[in-house]
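Peer 1: Can you keep this structure in mind? I'll have questions shortly.
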Ligand code: ADP
Ligand code: MG
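Written out as structure tokens, the structure reads:
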């Protein structure tokens, strides 16, 4: 808006108009007002759709179809695939390796390494989704980060699901209100998603509740396999829809119930590992925020250690970039504590769960 005003002003000064018309006066006044309102420019987003699978040297229609059927939809999916996984789709490890190299050349314009400066510049693409609570944003260093997995851990009723609902609304807000002007995907494993809560939170944040609901792409996951298939499907979505948040509530519930006991632990962890890597890749490749929730268990080895620990073991601990432990305090008040992060000091923040969502105390 301000750009339009300034171009008109240039024109009028060129013409050296002495008397100020009513129209100009109004425009000048508007310009003064617009100077006071700091309009944040929308950052330029990277283009993911620039290449088709068929653009990879040696990939024809038949191979492309085979790849798509196996869940590889974009050149990025190929470039960041593992040789072994891709070989399952196309039959040979040599062929898979060659394809990965060709896809990477396409994306990185022939370069294999980058300088630290280029890496730093690529990190500038990271965005933050405000939680809507200043204390929590400060704790997180600005909000929920893209290209990362943020894990909310806590007992039943700690507020994990409430935070997920909140973020699905917050991501839709414009940049100057802390959002990313984008949609959210909600993968619900426990059946606790409530559109009514979205309506309440959206109204409070000044969004049209109908539109807010339209901008949340929802799926109920009925098993761990289904959950993993859904994440693969999200890759298709992000190339056609502007999705900047993917929620999985909860990450390990299905895995725990399907693989109970010590005898199943190795298989469960192996599968969970694949799932977590699916998510790491999704966040990184498509520059979006992944938010997962996790339960806590009694810690049987708690002689010196804490009596409770997050589920999922080392796989989840290492896979998630930021781990935030939520616990109940007084009525409606919750305490969030960062327990594992490459950059935040270990500190706490308090927030309140209300009808309007998550707010400062
Ligand atoms: P979990 O960590 O198990 O996912 P939830 O996110 O579902 O927990 O949090 C449930 C809590 O959120 C409830 O116990 C209640 O305190 C609070 N809550 C849920 N809905 C509302 C609401 N409409 N108004 C105020 N508080 C609410
Ligand atoms: Mg929940």
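In our numbering, the protein residues as written are 529 to 889. In this text, a Cβ means the ideal position worked out from N, Cα and C, and glycines have one as well. Only a predicted model underlies this, so the values are computations on that prediction, with no experimental measurement involved.
Among the candidates 783, 596, 750, whose CA atom is the shortest distance from the CA of residue 763?
Peer 2: The shortest Cα separation from residue 763 among 783, 596, 750 belongs to 596.
Peer 1: Does the beta carbon of residue 821 fall short of 8 angstroms from some heavy atom of the ligand ADP?
Peer 2: True, at least one ligand heavy atom lies under 8 angstroms from that Cβ.
Peer 1: Provide the residue(s) that pair with residue 711 in DSSP beta bridges, ordered along the chain.
Peer 2: Paired residues: 771.
Peer 1: The alpha helix (DSSP H) spanning residue 612 covers which residue range?
Peer 2: First-last of the alpha helix (DSSP H) with residue 612: 611-618.
Peer 1: Quick one: what's got a C-beta closer than 7 angstroms to residue 784's C-beta in the same chain, skipping five residues either side?
Peer 2: So the list reads 839, once near-sequence residues are dropped.
Peer 1: Nearest-angstrom Cα distance between residue 735 and residue 701?
Peer 2: In a straight line, the C-alpha of residue 735 is about 8 angstroms away from that of residue 701.
Peer 1: Would you tell me roughly how many angstroms separate the C-alpha atoms of residue 679 and residue 790, rounded to the nearest one?
Peer 2: Cα to Cα, the separation comes out at about 24 angstroms.
Peer 1: At what residues does the beta strand (DSSP E) containing residue 601 begin and finish?
Peer 2: Residue 601 -> no beta strand (DSSP E), and no H or E assigned at all.
Peer 1: From 751, 698, 748, 710, pick the residue whose C-alpha is nearest to that of residue 725; which is it?
Peer 2: Checking every option, the nearest Cα to that of residue 725 belongs to 698.
Peer 1: Over the uninterrupted alpha helix (DSSP H) stretch that includes residue 737, give me the two end residues.
Peer 2: It spans 737-742 - the alpha helix (DSSP H) in which residue 737 sits, taken as one unbroken run.
Peer 1: Just reading off the beta strand (DSSP E) that residue 698 is part of, what are its end residues?
Peer 2: Run containing residue 698: none in the beta strand (DSSP E); it sits in the alpha helix (DSSP H), 688-698.
Peer 1: Fully enclosed by the segment 829-874, which alpha helix (DSSP H) runs are 4 residues long or longer?
Peer 2: For the segment 829-874, whole alpha helix (DSSP H) runs of length 4 or above, ordered along the chain, are 841-847.
Peer 1: Mark residue 879 as exposed unless 16 or more other C-beta atoms lie within 10 angstroms of its C-beta, in which case mark it buried.
Peer 2: Flag for residue 879 reads buried.
Peer 1: In the DSSP assignment, find the unbroken alpha helix (DSSP H) run with residue 880 in it and report its ends.
Peer 2: Segment 876-882 is the beta strand (DSSP E) holding residue 880; no alpha helix (DSSP H) there.
Peer 1: Rank 683, 884, 552, 823 by C-alpha distance to the C-alpha of residue 737 and give the top, closest one.
Peer 2: Ranking 683, 884, 552, 823 by Cα distance to residue 737 puts 884 first.
Peer 1: For residue 896, collect the residues of the same chain with a Cβ closer than 6 angstroms to its Cβ; drop the 5 residues on either side in sequence, then sort them by chain order.
Peer 2: The chain is shown only over 529 to 889; residue 896 falls outside these bounds and no answer can be derived.
Peer 1: Taking one C-beta from the segment 621-633 and one from the segment 644-660 each time, how about it: are there three or more such pairs within less than 8 angstroms?
Peer 2: Short answer: they don't touch.
Peer 1: Would residue 687 and residue 856 be called neighbours here (beta carbons separated by less than 9 angstroms)?
Peer 2: Taking 9 angstroms as the Cβ cut-off, residue 687 and residue 856 qualify as a contacting pair.
Peer 1: Pick from 696, 673, 797, 864: whose alpha carbon is nearest that of residue 811?
Peer 2: Ranking 696, 673, 797, 864 by Cα distance to residue 811 puts 673 first.
Peer 1: By the DSSP assignment, the alpha helix (DSSP H) with residue 582 in it spans what residues?
Peer 2: Taken as a continuous stretch (DSSP letters only), residue 582 belongs to no alpha helix (DSSP H), as it is neither H nor E.
Peer 1: Under the three-state reduction of DSSP, which class applies to residue 887: helix, strand or coil?
Peer 2: The answer is strand: DSSP assigns residue 887 an E or B state.
Peer 1: So is residue 792 buried or exposed if we call it buried at 16+ other beta carbons inside 10 Å?
Peer 2: Residue 792 is exposed by the Cβ-count criterion.
Peer 1: For residue 589, count neighbouring C-beta atoms within 10 Å of its own C-beta (all shown protein chains included) and say buried if the count is 16 or more, exposed if not.
Peer 2: By the 10 Å Cβ count, residue 589 comes out exposed.
Peer 1: With respect to 8 angstroms, is the separation between the Cβ of residue 718 and the closest non-hydrogen atom of the ligand MG below this value?
Peer 2: Flag set: Cβ of residue 718 near the ligand MG.
Peer 1: Which residues in the same chain have their Cβ closer than 7 angstroms to the Cβ of residue 837, if we skip the five residues on either side of it in sequence?
Peer 2: Hits under 7 angstroms: 824, 825, 827.
Peer 1: Residue 587 by DSSP, collapsed to three states: which one?
Peer 2: It is coil, neither helix nor strand.
Peer 1: Measuring alpha carbon to alpha carbon, tell me which of 601, 781, 741, 770 ends up nearest residue 750.
Peer 2: Considering only alpha carbons, the answer is 781.
Peer 1: With a threshold of 8 angstroms (Cβ to nearest heavy atom), would residue 856 be considered close to the ligand MG?
Peer 2: No, the Cβ of residue 856 stays beyond 8 angstroms of every heavy atom of the ligand MG.
Peer 1: Would you call the CB atoms of residue 711 and residue 745 closer than 9 angstroms?
Peer 2: Yes, they are a contact pair.
Peer 1: Exposed or buried, which one is residue 886 when buried takes at least 16 other CB atoms within 10 Å?
Peer 2: Residue 886 comes out buried.
Peer 1: Are the beta-carbon atoms belonging to residue 822 and residue 804 less than 9 angstroms from one another?
Peer 2: Going by C-beta atoms, residue 822 is not nearer than 9 angstroms to residue 804.
Peer 1: Taking the alpha-carbon positions, what's the residue 682 to residue 881 distance?
Peer 2: Spanning the two alpha carbons is a distance of roughly 15 angstroms.
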